[in-house]
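Novice:
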Amino acid sequence: MRYRLLFIFSLFFVLSAQAADETSVAGLFPTPDQGRQVWNFNPGWRFHLGDVPGAEAVGFDDSAWEVVSTPHSVKLEPAEASGGRNHQGIAWYRKRFKAPADRCELYFEAVMGKQKVYVNGRLAGEHFGGYLPIVVDLGKLGVKHGEECVVAVMADNSDDKTYPPGKPQYALDFCYHGGIYRDVWLIAKNDVFITDPSVENRRDAGIFVHYGEISEQRAEVFVEVNVRNGSARPRRLMVENALVDAAGKTVGRASQALILSPGTQSVSQRMVVKRPRLWSPETPCLYKVVTSVKEGRLTLDGGTTRIGIRSIEFRGREGFWLNGKRYRQLIGANRHQDFAYVGNAVPNSQQWRDVLRLKRCGFNIIRTAHYPQDPSFMDACDELGLFVIVATPGWQFWNKTDSGFEARVLQNTREIIRRDRNHPSVLMWEPILNETRFPLDFSLKSLQITKEEYPYPHRPAAAADLHSAGVRDNYDVVYGWPGDDEKADRPRQCIFTREFGEYVDDWYAHNNLNRASRSWGERPQLVQALSLAKTTEEMYRTTRQFIGGAQWHPFDHQRGYHPDPYWGGDFDAFRQPKYAYHLFAAQCPVKSGDRLADGKAVPASSLPADGEGKVFIAHEMTQFSDSDVVVFSNCDSVRLSVYDGERSLTLPVRHHDGFNAPVIFKGVWDFWEARKHSYVQKNWQKVNMVAEGIIGGKVVCTDRRMPSRRSTKLRLYADEMGKRLVADGSDFIVVVAEVTDDSGNVRRLAKENIVFTVSGEGTIIGDASINANPRVVEWGSAPILVRSTRKAGKIKIHAEVQFPGTHAPAPADLEIESVPYTGRFCFIPQTSAVIRPAHSADTTGPQQSLTDDEKSRLLREVEQQQADFGITK
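Residue numbers (mature numbering (1 follows the signal peptide of the UniProt record, and there is no 0)): -19 to -1, 1 to 854.
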């Protein structure tokens, strides 16, 4: 019987207008009138930092607890919180709601650490690991339509060696930021429904789309659908699939009738697409597979799977082939999921923006470091065109005494493949533990899982370190270095560098050419960018067998075992760009065609919106700036004009198999020469430089610099990147205040504290306790995070200096507007008690106390592990 879900308790379920953005839920994009119903379960949680006996009980008094929305971090942290400063320990979440149907599931995309989930006081599930879904079947617990329920979650992100990653955080290169840090959904289904691999724990569960023949003329698309009959009688059903192209045209259909007894059954259907639009990073063409399970005319369940049709082949010494053609170098980066202040609690919009940022760097591949990422990140990689290497959680740790650890690693790999197998962006699985000495038997089991879970053509490759047990002789792709492809004993497989860019002095100090905090200014950022240019170019000076590499790491992030954050990002933790970003952005193809290794050009229509000619002057014309002027460009040549064209120089952009080298104009800048124009001749407007990017003899882009004069104004902008703030109570954007002179030039050397106030339908994340507001100006700017409410509307942001005065920079105002959220919420409104501000400063979990000898020992272990795997990056 189909459940009637149209009646909504107005007090408890809030329905808002439809927005344009699509969000996948449990692997499917919800489709109208397809049987299942989805509610956003993020709002209305009560939260307490710390353990509380009896917090799972229905009658427990949580009225003094803070009211929060997920995604949520158990504790806001300063922007620099490395070195074991993040909170570790138990936290509790509780939520009251009314069940909208008899058969409902709670779907947690991820909760950090180990968790216990209680429903109405009963333990409903226990889970180990912080990166994969947790599903709680409310129907099996007897929850009925209209019943008021209490769900309680105990989340513990403290150290535990029994499940991966397993390594204690004080010896780890990243943080286990705690909490229910990804989305939570409530899904209502009928008694006949498409199964979920996370629940069934079988490869054949859910929907699996794979391919047979693929060419530019035709493609075979196979859709496997597993259906469960949860009723007590046989059901006469029809499983239908429609293949829809980007224009909304149905290009394939298949259907199959079956009589399904209580239990499950799978059907496999084949569709042939003529002249398919093939997916690639340059042309990320997506199709939709719309699946319906019907009983007569009634649709019992269904949804949409986004797919990309592409063939992938790793031909060893002949390189990587995509869609029947040898592909250019795979150049990209590794990505940790944390963000300033909120840790891992990053909303879907910021996941999408991160992918766009990486795309604008000219990257075509991302390695997830060192765990599976948010589903919305994967969806964005499909949509915007980035290959992904998906890693099993783990880094430099193997539990030799507990066999259960290995079993959990292997199970993680199975669940990762089942979750992500339909993404066209997935190019490789990394099914082992990174930089870890593990047994040969484990290595072979991990490889076998990738074959069992994806036993079809065009499957993603299994990749691992060349020197790890069993890899050289068995794996599809090996991690190595430029030059490994030219050795006498080179491996037979394609070679990829999993992490490049690092030149540390030693692994204790971590002094490094490519690590530069944005706050350090011009010279360190330039040194960083030129260091990365050197190592990036090495990725191109290879044979075909060497297929590319991934930079470590594009975003500054927090670490466990080192007191400094990782400052090697092309962006800081707020996603403000450094010079290194512009170096990589200058590798983007231009509309006249990319310089590919095989000489083929990329069609202009397939390039991202910013894939035009680029030129960027990495110089601020300050009194401390170098005499040489470095320009990053993807053009044929660059003309640099100084002092209103009084002097003009043109230099070619050196190209090497797709890499665009920095252009260096020697001895151009002289502060005393500039001072002559400004001070002696009273003509300061003449002190400027203009770089022009030239393609085919024509100027296609320009960049202009002037020395910034006195600080007179603040300027505000919202880093929306084409995606508006959504009024769901969880979304946030970065808003930046810049200090400028009268002409709008950013005063890079300004030192101010900026006080922000926000009114309307938004709030500021964090306060003075974590140096979030007021926020110090660094390299000319001060960012804040602005979170939406659940009501769409205007948000007014005001910024002023903390210490105003006659000649202080003038305040600035900005008005933005949030847009309505898609779909429905499920929660009972709660009133927040008076609590400590933003749960940010006064409570810390148990931190590991180590002696100096113990610290030295663990750091030596890390250093040795790095050395074992040839980490010169």
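Glycine included, each C-beta is placed from N, C-alpha and C at the ideal position.
Could you tell me which of D470, D43, N23, R341 sits nearest to V92, measuring between CA atoms?
Specialist: Ranked by Cα distance from V92, the options D470, D43, N23, R341 are led by N23.
Novice: Below 7 Å CB to CB, which residues in the same chain sit around R395 once its five sequence neighbours on both sides are set aside?
Specialist: I430, E434
Novice: Helix or strand or just coil, what does DSSP make of A490?
Specialist: Three-state DSSP puts A490 in coil, outside helix and strand.
Novice: In this structure, what does DSSP give as the bridge partners for V611?
Specialist: I645
Novice: Where do the ends of the alpha helix (DSSP H) carrying R334 lie?
Specialist: Secondary structure note for R334: its alpha helix (DSSP H) is the uninterrupted segment 329 to 341.
Novice: Following the continuous beta strand (DSSP E) through R216, name the residue where it begins and the one where it ends.
Specialist: Unbroken beta strand (DSSP E) run through R216: 216 to 225.
Novice: Whole-angstrom Cβ separation of residue 859 and F174, contact assumed at under 8 Å?
Specialist: What the structure shows of the chain is the stretch from -19 to 854, and residue 859 is not part of that stretch, so it cannot be assessed.
Novice: Extract the residue ranges of the beta strand (DSSP E) inside the region 353 to 436, only unbroken runs of 3 or more that lie entirely within it.
Specialist: 368 to 372, 407 to 411
Novice: Is the CB-CB distance between I735 and V782 below 8 Å?
Specialist: yes
Novice: For the alpha helix (DSSP H) that P505 lies in, which residues bound it at each end?
Specialist: Run containing P505: 503 to 519, per the alpha helix (DSSP H) assignment.
Novice: Mind checking R771: buried by the 16 CB within 10 Å criterion, or exposed?
Specialist: buried
Novice: Using a Cβ-Cβ cutoff of less than 8 Å, which residues in the same chain neighbour E107 once the five nearest sequence positions on both sides are dropped?
Specialist: K95, Q96, K97, V98
Novice: Can you tell which of T524, R184, S769, P420 has its C-alpha closest to the C-alpha of D465?
Specialist: T524
Novice: What do you reckon, are the CB atoms on P356 and S50 nearer than 8 Å?
Specialist: No, Cβ-Cβ distance for P356 and S50 is not below 8 Å.
Novice: For L507, which residues in the same chain have their Cβ closer than 7 Å to its Cβ, ignoring the five residues on either side in sequence?
Specialist: Here the set comprises Y560, A599, V611.
Novice: Under a three-way DSSP split, which group does F652 fall into?
Specialist: helix
Novice: Under the three-state reduction of DSSP, which class applies to L57: helix, strand or coil?
Specialist: coil
Novice: Quick one: grab the DSSP three-state call for L311.
Specialist: strand
Novice: For K230, is the classification buried or exposed, using 16 other Cβ atoms within 10 angstroms of its Cβ as the cut-off for buried?
Specialist: It counts as exposed.
Novice: Helix or strand or just coil, what does DSSP make of Y542?
Specialist: coil
Novice: Comparing C-alpha positions only, which one of H53, F423, Q474, V623 sits nearest to A672?
Specialist: V623
Novice: Counting Cβ pairs, one atom from each stretch, are 3 or more of them under 8 Å apart for the region 68 to 82 and the region 27 to 40?
Specialist: yes
Novice: Could you say which of G123, V767, S606 lies nearest to G747 if we only look at CA atoms?
Specialist: V767
Novice: Check whether the Cβ atoms of S606 and W650 sit closer than 8 Å, and answer yes or no.
Specialist: yes
Novice: Is it true that the CB of G541 sits closer than 8 Å to the CB of residue 891?
Specialist: Residue 891 is absent from the model: the chain starts at -19 and stops at 854.
Novice: If you follow the beta strand (DSSP E) that R75 is part of, which residue opens it and which one closes it?
Specialist: 71 to 79
Novice: Taking the straight line between their C-alpha atoms, what separation do you get for P472 and A780?
Specialist: For P472 and A780, the gap between their C-alpha atoms comes out near 58 Å.
Novice: Tell whether a beta-carbon distance below 8 Å holds between P262 and G366.
Specialist: yes
Novice: Taking DSSP's pairing of strands, which residues face N734 in a bridge?
Specialist: V757
Novice: Please state whether the Cβ-Cβ distance between I290 and V202 is less than 8 Å.
Specialist: Yes.
Novice: Rank N403, A152, D83 by C-alpha distance to the C-alpha of L122 and give the top, closest one.
Specialist: D83
Novice: Tell me whether the beta-carbon of E601 lies closer than 8 Å to the beta-carbon of E503.
Specialist: Their beta carbons are under 8 Å apart, which means E601 touches E503 by this criterion.
Novice: Should F806 be labelled buried (16 or more other beta-carbon atoms within 10 Å of its own) or exposed?
Specialist: Around the Cβ of F806, a 10 Å sphere holds 16 or more other Cβ atoms; the residue is buried.
Novice: Entirely within the region 450 to 495 and at least 3 residues each: give me those beta strand (DSSP E) ranges in chain order.
Specialist: 458 to 460, 475 to 481
Novice: Measure the C-alpha to C-alpha separation of E61 and A235 and round it to an integer number of angstroms.
Specialist: 54 Å
Novice: Just mark N641 as buried or exposed, buried being the case when its beta carbon has 16 or more other beta carbons within 10 Å.
Specialist: With 16 or more other Cβ atoms from the protein chains shown falling within 10 Å of its own Cβ, N641 counts as buried.
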